[in-house]
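Reading through the structure tokens given below for one structure.
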Amino acid sequence: MTPASDNAITLTRKDLLGLKDLSRDEINLVLDTAESFKEISTRTIKKVPTLRGTTVINLFYEASTRTRTSFEIAAKRLSADTVNISASTSSVVKGETLVDTAKTLEAMNPDIIVIRHSCAGAPHILARLVSQSIINAGDGFHEHPTQALLDLLTIRQRKGGIEGLKVVIVGDIQHSRVARSNVYGMTTMGARVTLCGPAILIPRSVEQMGVTVETDMKKAVRGADVVMMLRMQFERQRSIVFPSIREYSQLFCLTGDTLELAKKDAIVMHPGPINRGTEIAPEVADGPRSVILDQVSNGVAVRMALLYLLAGGRQ
Amino acid sequence: MKLLLKGGRIIDPSQDMDERSDVLIDKGRVARIAKDMSLSRNKGGGSTQIIDLEGAIVAPGLIDMHTHLREPGFEYKETIRTGAAAAVAGGFTAVACMANTNPVNDNRSVTDFILRQAAAAGLARVYPLAAVSKNLEGKQLTEFNDLKEAGAVGLSDDGRPVISSGLMRQALEYAHSLSLPVISHCEDLGLSEGGAMNESFVSTDLGLPGIPSISEDIMVSRDIAIARYTGTAVHIAHVSTAESVEMIRRAKREGVAVTAETAAHYFTLTDESLRGYSTNFKVSPPLRGARDRDAVRQGLRDGTIDAIASDHAPHASMEKDVEFALAAFGMIGLETSLALSLALVGQGIITMGRLIELMSLNPSRILRIPGGSLREGSIADVTVIDPEREWTVDPSTFRSKSRNCPFEGRRLTGKAVLTIVGGKILYRDAEFLP
Amino acid sequence: MENKKRIVMDADRIDRSISRIAYEMLEDNKGAEDMIVIAIRTGGILLARRIREKISHIEGVEVPLGILDITLYRDDVIMRGKKPKMGETDIPFSLDDKRVILVDDVIFTGRTIRAAPDALMDFGRPRLIRLAVLVDRGHRELPIQPDYVGEKLPSAFWEEVSVNLSESGGSDEVLIL
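Chains as they are written, first to last, in this note's numbering: chain F, 8 to 322; chain R, 23 to 456; chain H, 47 to 223.
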């Protein structure tokens with residue numbers, strides 16, 4: 008018999024708002040726990056009773072099928088009850104503010120709230136206001152911590168570790184929360200990160216995050232262990248961010264030839280959904296070095312791990 | 023009734039005065055300044071109220087030349103009455119209010135309305151600033167002369183820049199011929215579009231779109247060039263960047279008639295305050311970096327910047343208690359501006375005399391309004407300051423209707439304890455004068 | 047308080063207990079057919095391997111061995127902050143219609159072991175489930191009783207009973223601390 012107090016592990020925080028806040032130990036804890044949860048998804052009965060009686064609310068102000076579904080599956084596999092609130096169908100349309108929504112939800116006493124919002128800082132508002140644990144599923148251009156954690160897990164699985172690896176992230180860095188979270192996570196875990204993209208889409212003073220910047224993709228990818236491609240969105244609010252799709256892919260599409268410049272065993276990653284032919288050539292996306300589908304399955308495991316580690320945290 | 027202020031330290035840069043003396047106020051004017059005045063020497067009878075100002079500073083009434091009083095149209099944020107009450111509580115005997123109301127103050131009937139409301143409130147003097155362009159649209163000039171006759175003391179589209187250089191040129195030239203100051207909000211909308219805070223490592227870290235400093239610099243440069251070319255004057259509002267300060271400094275050296283103001287938050291805070299996403303720090307122009315803050319302080323010190331003006335911008339909680347990107351820009355400032363400015367004196371960055379220049383003499387000169395001086399015969403607008411008073415900022419006690427203040431909880435030193443307008447005490451600090 | 051370590055079972059006693067358990071299991075089952083041994087992580091693993099060795103010795107048959115981690119099925123898992131460390135569950139064969147013997151080193155309050163049949167049910171439908179433990183130290187809080195027991199060892203509630211098998215270092219011994 009193994010007493011519960013032995014080998015007890017802790018994530019002593021109420022919320023997961025960003026990867027910037029996590030230490031190396033905390034990241035390892037999440038990845039190790041996620042690893043253990045992977046096995047459950049291979050069983051016939053993909054369910055454990057661990058979070059039975061827990062309520063997880065998915066509060067999605069931005070449409071997202073993949074992330075929301077991933078969280079929902081994760082919660083259900085732990086036997087938690089899930090409630091999905093999407094902005095277009097809720098009282099938000101009637102003009103209810105985020106603050107009022109937060110207070111209303113708190114009064115219903117869920118256990119965990121997962122929030123995705125188009126404004127940076129929105130999860131922080133929630134975290135300040137309500138006693139429940141908040142998981143940031145993406146806030147504007149700021150952070151998308153669960154994505155970075157599943158990316159780190161994927162890299163760790165394929166490469167045996169993260170320390171010292173050369174990682175290149177290519178795309179619209181300015182508007183990418185995936186890039187930011189990954190930069191925080193990877194630099195914490197000791198990887199060497201290079202950001203690559205059009206000059207107009209590199210955020211100001213980003214070198215201060217401990218990364219190198221390169222606008223020439225061939226130079227950036229040379230010798231890389233991991234090549235992560237970001238999704239390119241051409242229309243943002245009122246303006247077009249880059250002259251044309253064709254111009255972008257001429258410079259920044261990951262083709263088989265460009266991939267040759269990376270290490271022989273380099274892996275190719277993408278948070279999805281993929282714009283085939285724009286940021287990644289179809290044969291590379293489907294090729295042997297692509298780990299894109301691993302990322303998806305790791306996503307459920309990582310989210311299960313986070314729900315598990317944060318549940319009960321406010322008692 | 024006469025008012026005798028005894029034993030205070032009178033600081034009046036208009037007379038090069040910094041000495042302990044007494045001030046006699048009669049019929050709304052400064053009657054006499056002399057040491058050790060006693061009642062027996064008073065002719066003309068009538069009673070005299072005597073106030074002992076030992077330890078306090080007596081200054082010509084402070085003038086805040088950049089405020090938003092929100093009336094007409096946005097009375098839920100502030101009214102002229104509540105704004106004027108906040109002003110006297112902050113030590114201001116006069117304020118100039120901006121035109122971005124609803125309707126915009128671009129015609130004499132709105133100017134009339136503002137003046138009537140101010141008179142009815144009977145607190146701080148309110149000097150309306152009228153719009154440069156009709157409805158702030160930047161297309162057509164307003165009737166400068168008619169507005170001047172109605173009582174407007176200057177012109178500004180503040181809240182917005184005057185985008186067309188051609189229109190700005192016309193405005194400067196026409197206003198110059200009427201001796202009206204034009205106050206310019208310098209912002210290049212193409213560069214600032216979508217921005218929520220200063221563009222810097224902080225904005226990169228927080229994932230917020232940035233407003234680069236060049237947005238201000240480019241328009242400051244443009245306005246100075248137009249003023250230089252046409253031989254007219256221009257006043258730059260809320261200077262926030264190091265480059266702006268440097269350009270204004272150079273322009274002044276060359277003899278261009280440019281004047282400038284800044285607000286307390288630009289010499290007190292930096293964009294690091296934005297970490298934590300508190301919307302009370304969201305303002306336009308945005309809080310900049312440490313280098314800019316230091317340059318603004320230096321500009322105040324060496325004469326590059328002429329005035330401190332609060333840019334008091336009240337907003338209701340429903341406009342501020344929202345997601346950062348959606349929050350309104352602006353912070354209130356009438357009730358904290360003086361103390362934050364006194365901190366510069368405390369830190370040795372400026373002298374007390376210089377402070378009075380920045381907050382009283384220069385605003386009166388730029389706007390060509392009475393005040394700014396305690397010369398015998400001038401209007402008896404006086405601000406009495408206790409430079410040692412320690413207090414903690416608690417917006418819930420403010421006279422302003424709004425609470426969007428970034429300094430809540432901050433411990434400050436220095437406070438206005440008496441605000442006298444036209445010889446009448448319109449604000450008294452309860453601790454100082456029960 | 048001084049660490050008063052008492053050795054209550056030495057290597058020989060342990061060995062005899064394991065043998066007896068193995069014989070009892072085979073007798074009940076009338077052989078090793080359809081038998082599967084599932085160790086409850088972590089205490090049951092080494093013990094389960096020993097039992098399996100004995101069976102192999104006696105019957106000449108290798109019964110399948112699986113490892114079950116019941117952390118996620120415990121009723122005390124959602125505790126403030128501290129979560130028990132999870133281990134891997136490894137049951138790479140079907141349990142349908144099999145005779146499963148759950149193995150753990152010590153049974154105490156019964157709360158840990160209560161979770162095991164629930165967990166097993168998610169892997170399939172065994173014909174029957176039996177429980178084997180090396181030490182029964184009493185103080186049951188739930189109606190769970192082992193089918194095969196090495197030894198009943200009375201202990202005080204606050205004492206700790208520790209089973210150490212030489213594969214993990216040191217010698218075979220059961221200690222009360």
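Ideal Cβ placement from N, Cα and C applies to all residues, glycine included.
Same chain, Cβ closer than 8 Å to residue i, five either side skipped, listed in chain order
{"i": "LYS53/F", "result": "ILE47, ARG84"}
{"i": "SER30/F", "result": "THR195"}
{"i": "ALA285/R", "result": "HIS88, HIS260, ILE330, ALA331, SER332, ASP333, GLY355, SER359"}
{"i": "LEU213/R", "result": "ILE233, PRO234, ILE236, SER237, ILE240"}
{"i": "ASP22/F", "result": "PRO130, ALA134, SER140, ILE141, ILE142, ASN143, LEU317"}
{"i": "ASN302/R", "result": "LYS342, MET353, ASN426, CYS427, PRO428, GLU430"}
Residue i versus residue j: straight-line alpha-carbon distance, rounded
{"i": "SER93/F", "j": "ASP146/F", "result": "15 Å"}
{"i": "MET47/H", "j": "SER65/H", "result": "Note that MET47/H scores 47 on pLDDT, short of 50, meaning its location in the model is unreliable; the coordinates nonetheless yield the value given after this. One C-alpha to the other measures close to 37 Å."}
{"i": "LEU38/F", "j": "PHE351/R", "result": "41 Å"}
{"i": "ALA152/R", "j": "LEU380/R", "result": "23 Å"}
{"i": "ILE86/H", "j": "SER138/F", "result": "37 Å"}
{"i": "PHE169/H", "j": "GLY102/F", "result": "48 Å"}
{"i": "ASP264/F", "j": "VAL185/F", "result": "25 Å"}
{"i": "PRO10/F", "j": "VAL207/H", "result": "Residue confidence is low: PRO10/F scores 47 on pLDDT, short of 50, so the model does not pin down where it sits. Its coordinate-derived value is still stated next. The straight-line gap from Cα to Cα measures roughly 11 Å."}
{"i": "GLU79/H", "j": "LEU93/H", "result": "20 Å"}
{"i": "ALA273/F", "j": "VAL149/H", "result": "44 Å"}
{"i": "MET71/H", "j": "GLY279/F", "result": "54 Å"}
{"i": "GLU100/R", "j": "ARG297/R", "result": "28 Å"}
{"i": "SER187/R", "j": "THR252/R", "result": "12 Å"}
{"i": "SER183/F", "j": "MET239/F", "result": "9 Å"}
{"i": "THR226/R", "j": "ASP121/H", "result": "45 Å"}
{"i": "SER295/R", "j": "ARG313/R", "result": "15 Å"}
{"i": "THR17/F", "j": "LYS76/H", "result": "47 Å"}
{"i": "SER188/F", "j": "LYS161/R", "result": "45 Å"}
{"i": "ASP293/F", "j": "ARG283/F", "result": "10 Å"}
Cβ shell of residue i (< 7 Å), same chain only, five flanking positions each side left out
{"i": "ALA19/H", "result": "Lying outside 47 to 223, the shown extent of chain H, residue 19/H is not represented and no answer is given."}
{"i": "GLY112/R", "result": "LEU356, GLU357, SER359, LEU360, ALA438"}
{"i": "ILE372/R", "result": "LEU322, ARG323, LEU366"}
{"i": "SER199/R", "result": "none"}
{"i": "PRO94/R", "result": "THR123, ASN124, PRO125, VAL132, PHE135"}
{"i": "ALA249/R", "result": "LEU194, ALA255, VAL256, VAL278, ALA279, VAL280"}
{"i": "GLY184/H", "result": "PRO200, SER201"}
{"i": "SER57/R", "result": "The sequence given here places Lys at residue 57/R; Ser does not occur at that position. Excluding residues within five positions, the ones whose Cβ falls inside 7 Å are SER43, ASP44."}
{"i": "GLY368/R", "result": "THR435"}
{"i": "ASP13/F", "result": "A caution first: ASP13/F carries a pLDDT of 45, below 50, which makes its placement in the model too unreliable to give a value."}
Chain-ordered neighbours of residue i on chain R, where CB pairs are closer than 9 Å
{"i": "GLU150/F", "result": "GLY229"}
{"i": "ILE132/F", "result": "TYR299, ASP343, VAL344, GLU345, PHE346"}
Neighbouring residues, chain H, relative to residue i (Cβ below 7 Å)
{"i": "PRO55/F", "result": "In the sequence on display, residue 55/F carries Val and not Pro. Those are LEU118, TYR119, listed as they occur along chain H."}
{"i": "ILE52/F", "result": "ASP168"}
{"i": "GLU290/F", "result": "Neighbours of GLU290/F on chain H: none; closest Cβ ~35 Å, over 7 Å."}
Residue i and residue j closer than 7 Å at C-beta
{"i": "GLU221/R", "j": "PRO234/R", "result": "yes"}
{"i": "VAL110/R", "j": "THR89/R", "result": "no"}
{"i": "ALA140/R", "j": "VAL132/R", "result": "no"}
{"i": "ALA106/R", "j": "LEU145/R", "result": "yes"}
{"i": "THR441/R", "j": "THR405/R", "result": "yes"}
{"i": "VAL52/R", "j": "SER400/R", "result": "yes"}
{"i": "MET276/F", "j": "MET235/F", "result": "yes"}
{"i": "LYS270/F", "j": "ASP232/F", "result": "yes"}
Cross-chain neighbours of residue i in chain F, by beta carbon under 7 Å
{"i": "MET132/H", "result": "THR40, SER43"}
{"i": "GLY232/R", "result": "ARG211"}
Chain R contact residues for residue i, given Cβ-Cβ distances below 7 Å
{"i": "PRO210/F", "result": "THR226"}
Neighbouring residues, chain H, relative to residue i (Cβ below 8 Å)
{"i": "LEU316/F", "result": "LYS129"}
Beta-carbon separation (whole angstroms), residue i vs residue j, contact threshold 8 Å
{"i": "ILE33/R", "j": "ALA402/R", "result": "Actually they are not in contact, since the Cβ atoms of ILE33/R and ALA402/R sit about 16 Å apart, beyond 8 Å."}
{"i": "LEU202/F", "j": "ILE176/F", "result": "5 Å"}
{"i": "ILE64/F", "j": "ILE120/F", "result": "5 Å"}
{"i": "ASP151/H", "j": "LEU180/H", "result": "5 Å"}
{"i": "LEU266/F", "j": "ARG296/F", "result": "7 Å"}
Residues near residue i in its chain [Cβ-Cβ closer than 6 Å; skip 5 each side]
{"i": "ILE84/H", "result": "GLY112, LEU114, VAL146, LEU148"}
{"i": "GLN322/F", "result": "Because the pLDDT of GLN322/F is 40, which lies under 50, any placement of that residue in the model is unreliable, and the number read from its coordinates should be weighed accordingly. The answer is none, since no qualifying residue turns up."}
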